[in-house]
């Protein structure tokens, strides 16, 4: 392929997409030379990209061993969900208070598109990604760039956690719970909406199995 113009951002974006879409699994070694060959760039550029990804907690850098896709521990997984519950409770309150007909309509349209895509899909990775998109869309509609950035990081880390610890299928209940949450928002039922969001996130966490073995994958296959 033509790699003219490839820069650090291009590499970061490609690796992030592969990780979040579960094409690069937790624990996968990210060999600098293999990545440099794939993107047609220097190892220095790859190193810069890997450092950026380590700042976002999507990969870990180990002295003398190299870079690996992050493999969150059970304790870290529980902490990430705890932070999500705290953050998204306040996000839900803000959304109820600042809800406008256009924002509610946008969220309903997003949910409808999500349900249409997933109607016949049994792809667990796709289900997890689209379920997370609903939460990210709420943040975007609040026009708060800092919140969006925080949600992007949390959802990315949740994708890794879910890949490692989920059962064989994704959360079949997510669509119905999103719809119930949206109904509460539409009715301006703030406390009910917050409760539904908290219960939804707790159920996502309880659906995980924390004694799973970590899967592995190959860089060439993931980035092909």
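Numbering (our numbering), first residue to last: 55 to 278. In this text, a Cβ means the ideal position worked out from N, Cα and C, and glycines have one as well.
Burial check for residue 163: the Cβ neighbour count within 10 Å stays below 16, so the residue is exposed. Look at residue 97 here: in three-state DSSP terms it is helix. The alpha-carbon separation between residue 238 and residue 139 amounts to approximately 17 Å. Remark: C-beta atoms of residue 113 and residue 131 do not approach each other more closely than 8 Å. The C-alpha of residue 167 lies about 11 Å from the C-alpha of residue 229.
Here residue 83 carries a strand assignment [DSSP, helix/strand/coil]. Here residue 123 is bridged, per DSSP, to 113. The C-alpha of residue 86 is placed about 7 Å away from the C-alpha of residue 101.
Cβ-Cβ separation between residue 152 and residue 196: approximately 7 Å, consistent with a contact (criterion under 8 Å). For residue 254, the enclosing alpha helix (DSSP H) has its first and last residue at 244-260. Non-local beta-carbon contacts of residue 194 in its own chain, meaning distances under 8 Å to residues more than five positions away in sequence, involve 202 in chain order.
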